[in-house]
Amino acid sequence: MATTTAAEKRERAKSAYNAFLAVCPSRQLLDRLADKWVVLILCALGGDGTGSVGEPASMRYSELSRLIAGVSQKMLTQTLRSLERDGLITRTVTPTVPVTVDYALTDLGLSLYQTTRQLRVWAQDHMDTVQTHRDHYDTQH
Numbered sequence: 001m002a003t004t005t006a007a008e009k010r011e012r013a014k015s016a017y018n019a020f021l022a023v024c025p026s027r028q029l030l031d032r033l034a035d036k037w038v039v040l041i042l043c044a045l046g047g048d049g050t051g052s053v054g055e056p057a058s059m060r061y062s063e064l065s066r067l068i069a070g071v072s073q074k075m076l077t078q079t080l081r082s083l084e085r086d087g088l089i090t091r092t093v094t095p096t097v098p099v100t101v102d103y104a105l106t107d108l109g110l111s112l113y114q115t116t117r118q119l120r121v122w123a124q125d126h127m128d129t130v131q132t133h134r135d136h137y138d139t140q141h
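Using this note's numbering, the letters of the sequence shown correspond one by one to residues 1 to 141.
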C-alpha cells in the first residue's frame, strides 16, 4: 500500500475545491473577498489611495481610517484582523511612544490586489450606466 505525502494530499484537496458546492471551504474565502471593506483596504494598501497607483503602500491604521470613508473602527479592525489571518496583509508593530502599527500587502495580498483594483475601477467607471438601468427598471416596476 503506497503512502500519500502531505503535498499530494494538498494537491488532491486543491483539485477537489468547487465553490458551487455548499460545503466547499473556498466559499468562505469568496464570502470574505466579496466584502466592500476588503476590496477598499486591499486597494488602499496597493497604492490606489496614495496617489502612487500600483505601488504598494505601508499604511497606519489612522491613514486607512481617514482614506476609507464610512468604515467604522470596529469594521476596520475586524477586516484587518481577518486579512492578516488569511495571509493577505502583514501587521508590523514598532515600539515607539505611542506604538506605531503599519499594515502592508503580502505577496499573496498583492496577487489579489490586481483583481480588486479592476473591480473597484469597473464600479467607478460604470456607475452612471448602472444607475440609468436602475432608474429605468424602477419606472417599469
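Just so you know, even glycine gets a beta-carbon here, dropped at the ideal spot from N, CA and C. The structure displayed is predicted, hence computed values, not measured ones.
Check for me: the beta strand (DSSP E) holding residue 90 runs from which residue to which?
89-94 is the extent of the beta strand (DSSP E) around residue 90.
Same chain only: Cβ atoms within 8 angstroms of residue 110, ignoring 5 sequence neighbours per side:
The beta carbon of residue 110 sits closer than 8 angstroms to those of 46 and 56, all from its chain and outside the five residues before and after it, given in chain order.
Am I right that residue 90 and residue 104 are in contact with their C-beta atoms under 8 angstroms? What's the rounded C-beta distance?
Contact annotation, residue 90 with residue 104: C-beta distance approximately 5 angstroms; criterion of less than 8 angstroms satisfied.
Looking at the secondary structure, which residues open and close the alpha helix (DSSP H) in which residue 129 lies?
If you look at residue 129, you'll find it in the alpha helix (DSSP H) that goes 107-140.
Residue range of the alpha helix (DSSP H) that residue 17 falls in?
For residue 17, no alpha helix (DSSP H) encloses it, and the DSSP letter there is neither H nor E.
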